[in-house]
Amino acid sequence: MQVHFIGLGEVEMFNVALALHKKGDTVTGSDELFDESLKDVMRDQGLMWDEIGWFSNRVNSQLDFVVLGANVTSDNPELEKAKELGLRLVSCPEFLYELVKLKTRVVIAGSQRRSEVVSMILHVLDYNNIEVDYVLSSPNGIHLTEENDFIVIEGGDGPSSVIDAAPQFHNYQPNIALLTNIEFEEGSFYSDFETYAEQYGIFVNSIVKGGSITYNDEDVEVKRRVESSENPIRKFPYVTPAYQQNGGQIFLDTPDGEMPLEISDETALSNLAGAKWVCQQMGVDEVEFYEAIATFK
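First residue of the sequence shown: 34, per the working numbering; consecutive thereafter.
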C-alpha cells in the first residue's frame with residue numbers, strides 16, 4: 034500500500050505508520066509539531082523529513098489511503114488536496130480497523146483505568162507465551178503481525194478526526210470488550226456528563242453480535258449502560274475481589290489460598306478482576322492467570 038498520514042506527529046498516527054513502514058508499505062506523512070520522544074525513532078526508521086509543516090505536493094493520486102489525525106483542522110492544505118483528488122480519507126481508528134478486521138478484536142475502554150487493564154492483560158499473555166497483536170496510546174505502542182489471531186486495543190474516547198467526530202472506540206467493533214469506569218471531566222470535548230456517558234452506550238452496542246463485554250459492576254453508570262443494552266452479547270460483571278492486607282502488602286484470596294501481589298491499591302485489584310475475565314476468554318485458565326498476575330507491578 035501507499036499511505037499518507039496527515040498529522041504524523043500524533044502518537045497513535047506515528048505508531049500505525051511505523052508498523053506499516055516495517056511491513057514494507059510506502060508511508061509518507063506531515064505535521065507542524067513532532068514530540069521529541071518520537072524524533073529519534075523516526076530518524077532511525079527513515080520517517081523523519083527535514084521540513085516541518087504541511088505540503089500538499091505529498092498528496093497524489095497514487096495513494097491508497099490518506100489517514101487523518103485527530104488534531105488536524107478542516108482547512109489543512111493536504112486535506113483539501115486529498116478531497117480535490119477524491120482520495121479515500123479515513124481517521125486513524127477507521128484505518129486501524131481496516132488493518133485488523135479479520136482478527137479477534139479485544140477492546141479495553143473506560144475513562145481512566147484502561148491503560149492498567151491493558152498492561153495486566155499483556156503481562157499475563159506474555160508470561161504464558163501467548164503471542165498477540167496490540168495497539169496502545171504510547172510511543173512504540175503497536176505490534177501488528179499477519180499470523181496472530183488476537184489484537185488488544187486500548188480504546189480512547191476522544192474524537193477520531195475532523196471528518197469523523199465519533200469517539201475513537203466506536204470504530205473497532207470489538208469481539209471482546211471491557212469497560213472499566215465512566216467519569217466525566219469538565220473542560221473535555223463533551224459538553225456534559227449525559228452526552229459523554231452516551232458514547233459508552235454506543236460502544237456497548239458496537240460489539241459484534243455474539244461477542245462479550247466484561248464490565249465493572251461497581252460503577253453505577255457502567256452498569257446502567259451495559260445492562261440496558263439490547264445488543265445480543267454475553268455480559269460478564271466483575272467486582273473488586275476479596276483480599277487481605279498485612280504489613281503494607283496485599284494478599285489476594287484465591288481457591289488455593291492467599292496469594293501475595295505486587296500491586297497495592299483497590300483500583301488495581303478491581304482492574305485485575307476485569308483483566309482476569311478477558312484473559313480467560315483468550316485462552317488463559319485461572320491458575321495460569323494467578324501465577325502470572327502475582328508478578329505484575
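For every residue, glycine included, the Cβ atom is placed at its ideal position computed from N, Cα and C.
Delimiting residues of the alpha helix (DSSP H) encompassing A306
299-314
If you follow the beta strand (DSSP E) that S148 is in, where does it begin and where does it stop?
First-last for S148: 147-160, but that is the alpha helix (DSSP H), not the beta strand (DSSP E).
If we ignore side chains and look at the alpha-carbon of each, how far apart do K72 and G188 end up?
25 angstroms
State the start and end residues of the unbroken alpha helix (DSSP H) segment that holds Q282.
Per DSSP, Q282 belongs to no alpha helix (DSSP H); it is in the beta strand (DSSP E), 282-287.
Per DSSP, what kind of secondary structure is E291 in: helix, strand or coil?
strand
Give me the Cβ distance between G234 and R258, rounded to the nearest whole Å; I'm assuming they're in contact under 8 angstroms.
4 angstroms
Give, in chain order, every unbroken run of the beta strand (DSSP E) that is at least 3 residues long and sits entirely within the stretch 237-270.
245-249
State buried or exposed for D286, treating a residue as buried only when at least 16 other CB atoms are found within 10 Å of its CB.
exposed
Hey, which unbroken runs of the beta strand (DSSP E) at 3 residues or more fall wholly within the stretch 69-121?
98-101
Using the Cα positions of S124 and I246, report the straight-line distance between them to the nearest angstrom.
25 angstroms
When burial is assigned at 16 or more other CB atoms within 10 Å of the CB, is E111 buried or exposed?
buried
Here's a check: name, in chain order, each residue in its chain whose Cβ is nearer than 6 angstroms to the Cβ of L120, leaving out the five neighbours to either side.
L96, V99
So which of F67, F47, D68, L66 has the shortest CA-CA distance to V60?
F47
Backbone secondary structure at Y205 - three-state DSSP
coil
Give the DSSP bridge partners of A210, in chain order.
V140, I246
With three or more beta-carbon pairs closer than 8 angstroms as the criterion, would you say the stretch 248-256 touches the stretch 275-282?
no
Using a Cβ-Cβ cutoff of less than 7 angstroms, which residues in the same chain neighbour F226 once the five nearest sequence positions on both sides are dropped?
F217
According to the Cβ coordinates, are H37 and R76 closer than 8 angstroms?
no
Buried or exposed by the 16-neighbour rule on C-beta atoms within 10 Å, applied to R147:
buried
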